[in-house]
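Chemist:
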Amino acid sequence: MASGKAEFLIASLEDMNLGDRRFDLVFAVRVGLFQRDPDRAHSLLAPWLAPDARVCAFYDVPVQMVDSKA
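863 is the number that the numbering used here gives to position 32 of the sequence shown; each next residue is one higher, with no gaps.
1) Assuming VAL886 contacts ALA842 under a Cβ cut-off of 8 Å, what Cβ separation, rounded to an integer in Å, is found between them?
2) Under the three-state reduction of DSSP, which class applies to ASP851: helix, strand or coil?
3) Consult DSSP for ALA859 and reduce its assignment to one of helix, strand or coil.
4) Grab the span of the alpha helix (DSSP H) containing PRO893 for me, first residue to last.
5) DSSP three-state label for LEU840, please.
6) Which first and last residues belong to the alpha helix (DSSP H) in which ALA877 is found?
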């Protein structure tokens, strides 16, 4: 973020291939693997983390809105 750049990806962690790129900060939003098997999720992500990188994982269950007028 210090460079003023951000990249947003939508991908399966298991199928993702980012080549030789490294990231300083990763936000994982609604990536269920971080809830179900955090050790596996981190090991899959590890090849693309820069030294001292941070991973911020957020998971919640999507809420279905109900139309109160129905």
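Positions of the beta carbon are idealized from the N, C-alpha and C atoms, including for glycine.
Modeler: Once the coordinates are examined:
1) 15 Å between Cβ atoms; not a contact.
2) coil
3) strand
4) PRO893 -> no alpha helix (DSSP H), and no H or E assigned at all.
5) coil
6) Premise fails: ALA877 is in no alpha helix (DSSP H) and is neither H nor E.
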